[in-house]
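Novice: Can you keep this structure in mind? I'll have questions shortly.
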Amino acid sequence: MRLSRFFLPILRETPKEAEIVSHRLMLRAGMIRQESAGIYAWLPLGLKVLNKINAIIREEQNRAGAIELLMPVIQSADLWRESGRYDDYGKEMLRIKDRHERDMLFGPTNEEMITEIFRSYVRSYKDLPLNLYHIQWKFRDEVRPRFGVMRSREFLMKDAYSFDLDAEGARHSYYKMFTAYLRTFTRMGLKAIPMRADTGPIGGNLSHEFIILASTGESEVFCHKDFLALDAPAENVDFESRAAMQGVFDTWTSKYAATSEMHDAAAYEAMPETDRVSARGIEVGHIFNFGTKYSEPMKAVVNGPDGKDVTVQMGSYGIGPSRLVAALIEANHDEAGIIWPDAVAPFNFAIANLKVGDGATDAACEKLYGELSMAGFDVLYDDRDDRPGAKFATMDLIGVPLQIIVGPKGLAEGKVEVKHRRTGEREMLSLDEVVNKFATKKG
Numbered sequence: 465m466r467l468s469r470f471f472l473p474i475l476r477e478t479p480k481e482a483e484i485v486s487h488r489l490m491l492r493a494g495m496i497r498q499e500s501a502g503i504y505a506w507l508p509l510g511l512k513v514l515n516k517i518n519a520i521i522r523e524e525q526n527r528a529g530a531i532e533l534l535m536p537v538i539q540s541a542d543l544w545r546e547s548g549r550y551d552d553y554g555k556e557m558l559r560i561k562d563r564h565e566r567d568m569l570f571g572p573t574n575e576e577m578i579t580e581i582f583r584s585y586v587r588s589y590k591d592l593p594l595n596l597y598h599i600q601w602k603f604r605d606e607v608r609p610r611f612g613v614m615r616s617r618e619f620l621m622k623d624a625y626s627f628d629l630d631a632e633g634a635r636h637s638y639y640k641m642f643t644a645y646l647r648t649f650t651r652m653g654l655k656a657i658p659m660r661a662d663t664g665p666i667g668g669n670l671s672h673e674f675i676i677l678a679s680t681g682e683s684e685v686f687c688h689k690d691f692l693a694l695d696a697p698a699e700n701v702d703f704e705s706r707a708a709m710q711g712v713f714d715t716w717t718s719k720y721a722a723t724s725e726m727h728d729a730a731a732y733e734a735m736p737e738t739d740r741v742s743a744r745g746i747e748v749g750h751i752f753n754f755g756t757k758y759s760e761p762m763k764a765v766v767n768g769p770d771g772k773d774v775t776v777q778m779g780s781y782g783i784g785p786s787r788l789v790a791a792l793i794e795a796n797h798d799e800a801g802i803i804w805p806d807a808v809a810p811f812n813f814a815i816a817n818l819k820v821g822d823g824a825t826d827a828a829c830e831k832l833y834g835e836l837s838m839a840g841f842d843v844l845y846d847d848r849d850d851r852p853g854a855k856f857a858t859m860d861l862i863g864v865p866l867q868i869i870v871g872p873k874g875l876a877e878g879k880v881e882v883k884h885r886r887t888g889e890r891e892m893l894s895l896d897e898v899v900n901k902f903a904t905k906k907g
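Numbering follows our numbering, in which position 150 of the sequence shown is assigned residue number 614; successive positions increment by one, without gaps.
Written out as C-alpha cells, the structure reads:
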C-alpha cells in the first residue's frame with residue numbers, strides 16, 4: 465500500500481479523553497474514531513490488525529474442531545424469557561421493539577440463540593460432540609464505558625458453544641478450548657495465564673479467565689511464577705486425545721492462579737514468597753462449562769444410546785478480538801508508539817523514501833515494494849514528499865516491525881538501512897539481501 469493513497473489520519477496531539485496507553489495510541493495512529501460513548505469506527509489501520517487477530521482465532525478454533533457459523537446481532541426476547549435470563553440480565557442489555565411491537569434485543573451474548581439452533585436440527589447422540597462458533601458484534605450498555613476499545617459498549621466477540629452427551633464429554637470439550645486458547649494467545653505474542661474465575665451471569669461451576677499481565681490491567685491477579693515460563697501446546701497437539709487434553713489442562717492448572725474475585729489469600733501465602741506473582745491483569749478470554757443451565761429450560765435434548773432423551777451438556781468460550789487489539793498495545797509499546805508482534809502487525813514492512821523524486825531512490829523503493837509484495841508481505845510504502853523525521857515518527861507510531869530506510873547516501877554504497885522496531889537494531893543491506901533474507905524467513 466502506498467501511503468499517499470492510504471487513509472491514515474494520524475493525530476499530532478494526544479486526545480485528552482484517552483486515559484490509558486492503548487486508547488491514546490489507537491487514536492493517534494488513526495486506528496479508531498469514537499462515534500459515541502463506547503462506540504468506535506474501525507479505520508483501515510485498525511481493521512487490518514483486527515482482521516489478522518480474527519484469522520489466528522479462526523485457525524485455532526478450526527484446528528480444535530469447532531465449526532464456524534454466523535448468528536444475527538438482533539435477537540428475540542422470547543428466547544431469553546425461555547432461558548429465564550431476560551429479566552435477570554440487567555440494564556447492560558439494550559432492549560428494543562420492532563415496528564410490530566415485538567420485544568427484541570441487541571445481543572450481549574448468544575447462549576440462547578445457539579441453543580435454539582441446536583435443538584432445531586440435532587436429534588441424535590451420534591451427532592455429538594458439536595462445537596459451533598462465530599465472530600460477531602455484541603452490545604452491552606456499560607454504565608461507564610472507558611479505556612477506548614478495552615471497555616466499550618459495542619465490541620467484537622468470538623464466542624463458541626459446545627454440546628456433549630455427558631459431563632465427561634463436556635469436560636473434554638472444555639479442555640480442547642482451553643488448549644486452543646493457549647495456542648491462540650501465544651501465536652499473537654502474548655503470555656496468557658488461565659486463572660480460576662467467577663462465572664457471573666453466564667452461569668456454571670467451571671470457568672477460567674485468560675489473563676495477560678500489564679501494569680494498566682483492570683484488576684489484581686495472583687499466580688505462581690512458573691506460569692511465566694510455560695510453553696503453549698505444540699501445533700501438532702492431538703485435540704481428540706482425552707489424555708493429551710487432560711495433560712495440558714493439568715499442567716496449566718497445577719499451581720496457584722486466580723483473579724481477585726476467586727483469590728484465596730491463605731493458599732497464595734502458603735507458597736514461598738519467591739514464587740508469588742501479584743500484578744495487574746487484562747482479561748483476553750473467558751471460558752465456561754455450565755452443564756444444563758440453558759439446555760434444560762430450553763429443552764435441548766438428543767436421543768441417547770438407550771433410546772431415551774438426554775439433556776445435552778453445554779459450554780461457552782469467548783475471546784474479544786477488538787479488546788485484544790488494545791491488550792496487545794498495552795503489552796507492546798514504548799514512548800514512540802506501538803510495537804506490534806509480527807503475527808498481528810498491519811504491515812510487515814514500511815519503506816521510507818527519503819528523497820522522493822530522485823531517480824535512484826524512487827527506483828530502489830519501487831523494486832523493494834514490488835518484490836516484497838510479490839513475496840506475500842504486507843508492505844507500506846511511504847512515498848509522500850515529506851520530511852524524513854516525519855516519516856520515521858509515523859513508522860514508529862504505527863509499529864511496523866521492519867522499517868526500510870532508502871536514501872541517496874546509503875544507495876551510493878548500494879545499501880539501504882533496515883531498522884527492527886522492537887529492538888532498535890539497525891543493519892545495512894543491499895536490495896537483494898533485504899528480499900532474500902526476509903522472504904526466505906517467511907517461507
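C-beta: ideal position from N, C-alpha, C; glycine also. These numbers were taken from a predicted model, which means no experiment stands behind them.
Please go through the same chain and pick out, in chain order, the residues whose beta-carbon is closer than 8 angstroms to the beta-carbon of E606, but skip the five residues on each side of it.
Specialist: Taking the sequence shown and counting its residues from 1, the one referred to as residue 606 is at position 142. Correct list, in chain order: G502, E556, R615, S616 and R617.
Novice: On the three-state DSSP scale, how would you describe T680?
Specialist: Here residue 680 corresponds to residue number 216 of the sequence shown, with the count starting at 1. In this structure, T680 counts as coil in the three-state DSSP scheme.
Novice: Identify whether T775 lies in helix, strand or coil by the three-state DSSP scheme.
Specialist: As a working mapping, residue 775 is identified with position 311 in the sequence shown. The answer is strand: DSSP assigns T775 an E or B state.
Novice: Considering Cα atoms alone, identify which of I869, E835 and A696 is closest to R851.
Specialist: Your numbering for residue 851 matches position 387 in the sequence shown. It is I869.
Novice: Can you tell me whether D714 is buried or exposed, with buried defined as 16 or more other CB within 10 angstroms of its CB?
Specialist: Taking the sequence shown and counting its residues from 1, the one referred to as residue 714 is at position 250. Exposed.
Novice: Alpha helix (DSSP H) containing L788: first to last residue?
Specialist: Residue numbering aside, residue 788 sits at position 324 when the sequence shown is read from its first letter. From DSSP, the alpha helix (DSSP H) with L788 extends over P785 to A795.
Novice: Check whether the Cβ atoms of I815 and G863 lie closer than 7 angstroms to each other.
Specialist: Taking the first residue of the sequence shown as 1, we reach residue 815 at position 351. Taking the first residue of the sequence shown as 1, we reach residue 863 at position 399. No, they are not a contact pair.
Novice: Ignoring anything shorter than 4 residues, give me the alpha helix (DSSP H) runs that lie fully in the segment 807–863, in order along the chain.
Specialist: Listed in chain order, the complete alpha helix (DSSP H) runs (minimum 4 residues) inside the segment 807–863 are 823–838 and 852–862.
Novice: For the beta strand (DSSP E) containing T887, name the first residue and the last one.
Specialist: For the purposes of this step, residue 887 is taken as residue 423 along the sequence shown, with counting starting at 1. T887 -> no beta strand (DSSP E), and no H or E assigned at all.
Novice: Taking only three categories from DSSP, how would you classify I474?
Specialist: If you number the sequence shown from 1, residue 474 lands on position 10. In the structure shown, I474 sits in coil (DSSP, three-state: anything other than H, G, I, E or B).
Novice: What does the alpha-carbon distance come out to for the pair F754 and M709?
Specialist: Translated into the one-based positions of the sequence shown, residue 754 becomes position 290. Translated into the one-based positions of the sequence shown, residue 709 becomes position 245. When rounded, the distance between both Cα atoms is 19 angstroms.
Novice: For L558, which residues of its own chain have a beta-carbon under 7 angstroms away from its beta-carbon, when the five flanking residues on both sides are left out?
Specialist: Position 94 of the sequence shown, counting from 1, holds the residue named residue 558. L569, F570, F603 and D605, listed in sequence order.
Novice: Assign F471 to buried or exposed, taking buried as 16 or more other Cβ atoms, counted over all protein chains shown, within 10 Å of its Cβ.
Specialist: Along the sequence shown, read from residue 1 onward, the residue named residue 471 stands at position 7. That one is exposed.
Novice: Rounded to the nearest angstrom, how far is the Cβ of F813 from that of F841, given a contact under 8 angstroms?
Specialist: Numbered from 1 along the sequence shown, position 349 holds the residue referred to as residue 813. Numbered from 1 along the sequence shown, position 377 holds the residue referred to as residue 841. Between F841 and F813 the Cβ distance is about 6 angstroms, and since that is below 8 angstroms, they are a contact.
Novice: Counting only runs that start and end within the segment 507–564, where is the alpha helix (DSSP H) found for 4 or more residues in a row?
Specialist: Complete alpha helix (DSSP H) runs here, min 4: 508–527 and 541–547.
Novice: DSSP state of M621, grouped into three classes?
Specialist: Start at 1 with the first residue of the sequence shown, and residue 621 comes out as number 157. DSSP places M621 in strand when its eight states are reduced to three.
Novice: Output the distance between the C-alpha atoms of A734 and E684, rounded to the nearest integer angstrom.
Specialist: Start at 1 with the first residue of the sequence shown, and residue 734 comes out as number 270. Start at 1 with the first residue of the sequence shown, and residue 684 comes out as number 220. Going by the C-alpha atoms only, they are around 19 angstroms apart.
Novice: I'd like the span of the alpha helix (DSSP H) that includes L489, first residue to last.
Specialist: Counting from one through the sequence shown, the residue named residue 489 turns up at place 25. From DSSP, the alpha helix (DSSP H) with L489 extends over V485 to R492.
Novice: Tell me which residues share the same chain as N574 and place their Cβ nearer than 6 angstroms to its Cβ, disregarding the 5 neighbours each side in the sequence.
Specialist: Residue numbering aside, residue 574 sits at position 110 when the sequence shown is read from its first letter. Contacts found: M535 and D623.
Novice: Once DSSP output is grouped into helix, strand and coil, what is the label at A730?
Specialist: Working through the sequence shown from its first residue, we reach residue 730 at position 266. A730: helix per DSSP, three-state reduction.
Novice: Under three-state DSSP, which class holds N767?
Specialist: Residue 767 sits at position 303 when you count from the first residue of the sequence shown. If DSSP states are grouped into helix, strand and coil, N767 belongs with the strands.
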